[in-house]
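Visitor:
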Amino acid sequence: MDLYDTKTLLKNDTTVTEFLLLGFKSLQNFKTLISLIFLTTYILTLFGNVLIVILVTACSQLHSPMYFFLSNLSLSEVAFTTNIVPNMLHSLLSGHVSISLPGCFIQYYFFSSTATTECVLFAIMSFDRYLAICNPLHYTLLMDTKLCIHLVLWAWLVGFIISMITLVLLCKSHYCGPNVIDSFFCDLTPLIKLSCSDTFLVEIESYLFAFIVTVLPFVFIIVTYVIIIHTVLKIPSATGRKKAFSTCSSHLVVVATYYGTLIIMYVVPSQKQIFNISKALSLLYTVITPLLNPIVYSLRNHEIHAALNSLSKKYFPR
């Protein structure tokens, strides 16, 4: 009897209604310290990203395409981390946490949709920098308000639609046990492995979409930045070169971390998944990257500093 026949027989015996997320069982001796670190990181992530959204919305000097895209990236980061981190903290403190089957699917859907949206937004931001640096005379004409809104809408729609297709296929799967997920959130890989149904279609579809939303945008970003660097090297002013490189380097730091981990996790084929390494990589794009976003984009950004000072003087005058 093959594996699929066995699964079919089990399907008639029992139905899984909830999953057990193991989280970080190996770190239970340090759970208080690690929980404080993750909680602090989460609070800083929320504060930094919400602050960027407020600044871009409230300050007229930041009403430009670059900051419009950045505010949408920050908004997606807030949704992304809020979907994962609170449940992760609960799992860490309790040793494990149970989540219903629909709840697990919902968490996966919002994780996948916001992650996909971010992948598209990073590509849009690199395209914006390409136009600003390589075609500055026509930049304002090309990157007008209408195009900016359309690009952002497409980024969100692509994220929600692609993830919905995967979710629909996943919902057709049957789960008959076991129900233990050795992770801190409901990701696609363990959901596929625990399914008692034939998962060939969802595996092919998810791999194809993962390639489209990670590898293709990443290649696009690399190509645009090669062109940008080539253009920047032609700038006669050392100050101009420094400003251009500063803007681009901050973008590349986040992009390399984010796409690198996603490609390793979801695109590069792996015969055997090492769960501790998988969890460490998952932490990079669920906890670290969302924190890096407000830091690298605002730490040396004089326009954001000026907007923050202006807003502080307006609402908190001395």
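Following our numbering, the numbering of the sequence shown begins with 2 at its first residue and continues without gaps.
Note that CB positions come from ideal geometry on N, CA and C, so glycine has one too.
I think Ser99 touches Leu21, with their Cβ atoms under 8 Å apart; what is that distance to the nearest whole Å?
Guide: Ser99 to Leu21, Cβ: 5 Å. Contact.
Visitor: Roughly how many whole angstroms lie between the Cα atoms of Tyr226 and Ile236?
Guide: Distance between the alpha carbons of Tyr226 and Ile236: 15 Å.
Visitor: With contact counted as at least three CB pairs below 8 Å, one residue from each stretch, are the region 29-47 and the region 281-293 in contact?
Guide: Yes: at least three Cβ pairs fall under 8 Å.
Visitor: Ordered along the chain, which non-local residues of its own chain (more than five positions away) have a Cβ less than 7 Å from that of Tyr5?
Guide: Unreliable placement is indicated for Tyr5, whose pLDDT of 43 sits below 50; the coordinate value is still reported in the next sentence. The answer, listed in chain order, is Asp199.
Visitor: Exposed or buried, which one is Met2 when buried takes at least 16 other CB atoms within 10 Å?
Guide: Note that Met2 scores 41 on pLDDT, short of 50, meaning its location in the model is unreliable; the coordinates nonetheless yield the value given after this. That one is exposed.
Visitor: Could you check the C-alpha separation between Ser61 and Cys187 for me, to the nearest Å?
Guide: Approximately 40 Å between the Cα atoms of the pair.
Visitor: I need the DSSP call for Val1, collapsed to helix, strand or coil.
Guide: It is not possible to answer for residue 1, since the shown part of the chain is limited to 2 through 319.
Visitor: Does the region 153-170 come within contact of the region 85-94, defined as at least 3 CB pairs closer than 8 Å?
Guide: Not touching, per the Cβ criterion.
Visitor: Quick one: measure Cβ to Cβ for Ile305 and Leu122, integer angstroms, because I've assumed they're closer than 8 Å.
Guide: 18 Å between Cβ atoms; not a contact.
Visitor: Report the rounded CA-to-CA distance for Ile182 versus Leu143, giving the unit in angstroms.
Guide: Going from the Cα of Ile182 to the Cα of Leu143 covers about 48 Å.
Visitor: In the structure shown, what three-state DSSP assignment does Phe128 receive?
Guide: In the structure shown, Phe128 sits in a helix (DSSP, three-state: H, G or I).
Visitor: Looking at Thr215: is its Cβ nearer than 8 Å to the Cβ of Leu189?
Guide: No, the pair does not count as a contact, with Cβ atoms beyond the cut-off.
Visitor: Go to Phe20, then tell me how far its beta strand (DSSP E) extends in each direction, as first and last residue.
Guide: Residues 19-22.
Visitor: In whole angstroms, what is the alpha-carbon distance linking Lys315 and Leu52?
Guide: Straight-line Cα distance between these residues: approximately 15 Å.
Visitor: Which of helix, strand or coil does DSSP assign to Ile236?
Guide: Coil, per DSSP.
Visitor: Measure the C-alpha to C-alpha separation of Ser283 and Cys149 and round it to an integer number of angstroms.
Guide: The straight-line gap from Cα to Cα measures roughly 31 Å.
Visitor: Indicate the three-state DSSP secondary structure (helix, strand or coil) for Ser61 in the structure shown.
Guide: Three-state DSSP puts Ser61 in a helix.
Visitor: Are Ala177 and Val297 touching if we call contact CB-CB under 8 Å?
Guide: Reading off the sequence, residue 177 comes out as Cys, not Ala. In this structure, Val297 does not lie closer than 8 Å to Cys177 by Cβ.
Visitor: Which whole-angstrom value is the C-beta distance of Asp145 and Phe70, which I expect to be below 8 Å?
Guide: Rounded, the Cβ-Cβ distance is 14 Å, inconsistent with contact.
Visitor: Contact defined as beta carbons within less than 8 Å: I believe Phe221 pairs with Ala124. What is the distance between those atoms, to the nearest angstrom?
Guide: About 5 Å separates the two Cβ atoms, so the contact holds.
Visitor: Of the choices Ser184, Val153, Phe201, whose alpha-carbon is the least far from that of Lys173?
Guide: Ranking Ser184, Val153, Phe201 by Cα distance to Lys173 puts Phe201 first.
Visitor: Evaluate Ile85 with the Cβ neighbour count: other Cβ atoms within 10 Å of its Cβ, from every protein chain shown; 16 or more gives buried, anything less gives exposed.
Guide: That one is buried.
Visitor: In the DSSP assignment, what are the bridge partners of Ile162?
Guide: Paired residues: none, contrary to the question.
Visitor: Under 8 Å, do Phe106 and Ala80 count as touching if we go by C-beta distance?
Guide: Not closer than 8 Å, so no.
Visitor: Identify the continuous alpha helix (DSSP H) that holds Asn311 and give its terminal residues.
Guide: First, the residue type needs correcting, since residue 311 is Ser and not Asn in the sequence shown. 303-316 is the span of the alpha helix (DSSP H), which, as asked, contains Ser311.
Visitor: Hey, would you say Phe161 sits closer than 8 Å to Ser207, going by beta carbons?
Guide: In this structure, Ser207 does not lie closer than 8 Å to Phe161 by Cβ.
Visitor: Judging by CA-CA distance, which residue of Glu119, Thr262, Val233, Leu63 is the nearest neighbour of Ser250?
Guide: Nearest of Glu119, Thr262, Val233, Leu63 to Ser250, Cα basis: Val233.
Visitor: How many angstroms separate the CA atom of Ala59 from the CA atom of Ser77?
Guide: So the two alpha carbons sit approximately 19 Å from each other.
Visitor: Whose C-alpha, out of Pro191, Tyr68, Thr287, Pro179, is nearest the C-alpha of Ser127?
Guide: It is Tyr68.
Visitor: If I'm right that Ile264 touches Phe219 with Cβ under 8 Å, what's the distance once you round it to whole angstroms?
Guide: Correct: roughly 7 Å between the Cβ atoms.
Visitor: So, under 8 Å CB-CB, Thr287 and Thr82 are touching, yes? Tell me the CB distance rounded to an integer number of Å.
Guide: About 7 Å; that satisfies the 8 Å criterion.
Visitor: Assuming Leu152 and Val203 are in contact, meaning their beta carbons sit under 8 Å apart, how far apart are those beta carbons, in whole angstroms?
Guide: Between Val203 and Leu152 the Cβ distance is about 29 Å, and since that is not below 8 Å, they are no contact.
Visitor: Over what stretch of residues does the alpha helix (DSSP H) that includes Val79 continue unbroken?
Guide: Where Val79 is concerned, the enclosing alpha helix (DSSP H) stretches over 66-95.
Visitor: Beta-carbon within less than 7 Å of Ser36's beta-carbon, same chain only, minus the 5 sequence neighbours each way: which residues are those?
Guide: Excluding sequence neighbours, Ser36 sits near Leu90, Leu93, Leu94.
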